[in-house]
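Heads up: the structure comes next, in structure tokens.
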Amino acid sequence: MTTYRQVVTHKPQHEQTLAALALYRWNVEVSAAFMAPIHLCEVVVRNAASDALTAVYGPRWVWDPSFTGALPDPPRPVYSPKRDLIQVRQHHATVGKVIPELKFVFWENLFTRRHDGRLWNRHLRTVLPNLDASQPTNVLRNTVRSEIETVRHIRNRVAHHEPIFARNLPGELQSMQRLVQWRSAEAAAWFNDMEKVTDLLNARP
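Per the working numbering: the sequence shown ends with 225, consecutive numbering throughout.
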């Protein structure tokens, strides 16, 4: 509780314990509320990327050697997209089973310039049709990657039950909203109707 007590030291001492508990409870509630929008955003990102990969490497892109060869493979302990893909696909027979087992950072790593030539120059605007048409493709692709990175950070904090009250939670929610909107206006409308984070942000103790 020390993290929460440090935030409420401006209150009278006899109120600090209850105030810290209230903030702790709110942190738990807003963390739980983030799970649904994170879930939807992650599915949208994975599906968009999978559509682009299918267009280039075919419906079994997971096993395509040219795609595997295009993935970076840095030595441990650095995350390796190639190692992740090879390990996951060994245990599953279909692309649909492999996709949700890949780490979220795998999808973030796809939105880098090494994949512009074969993937994003041709297919970024197809799989994310609501991106700003006035911007160059490489700028848009990097913007998408940056938004995915933002979502990944809050996703990891929530998954590890860490305090998130000091983060830019409205901005992180907006990153999710933008990613979903770029894919589908209909999905974005459903996202906005479904998410409960905004109400909790307005009710912070």
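All C-beta atoms in this analysis are idealised placements derived from N, C-alpha and C, irrespective of residue type, glycine included.
- In the three-state DSSP reduction, residue 43 falls in the helix class (H, G or I).
- In the DSSP assignment, residue 147 falls within the alpha helix (DSSP H) that extends over 141-147.
- Fewer than three beta-carbon pairs drawn from the segment 118-127 and the segment 151-164 are found closer than 8 Å, and the two stretches are therefore not classed as touching.
- Within the same chain, Cβ atoms closer than 7 Å to the Cβ of residue 27 are found at 43, the five residues on either side in sequence being excluded.
- Look at residue 99 here: in three-state DSSP terms it is coil, with no helix or strand label.
- In summary, residue 22 is exposed, with fewer than 16 beta-carbon neighbours lying within 10 Å of its beta-carbon over all protein chains present.
- In this structure, the straight-line span from the alpha carbon of residue 172 to that of residue 45 is close to 23 Å.
- By the CB criterion at 9 Å, residue 50 and residue 198 fall outside the cutoff.
- For residue 129, the uninterrupted alpha helix (DSSP H) segment begins and ends at 124-130.
- The Cβ atoms of residue 82 and residue 109 lie closer than 9 Å to each other.
- Judged by their CB atoms, residue 196 and residue 73 are not nearer to each other than the 9 Å cut-off.
- A distance below 7 Å between beta-carbons, with the five flanking residues on each side excluded, links residue 94 to the following residues of its chain, in chain order: 100.
- The beta carbon of residue 211 lies closer than 7 Å to those of 57, 60, 197, 200 in the same chain, with the five residues before and after it left out.
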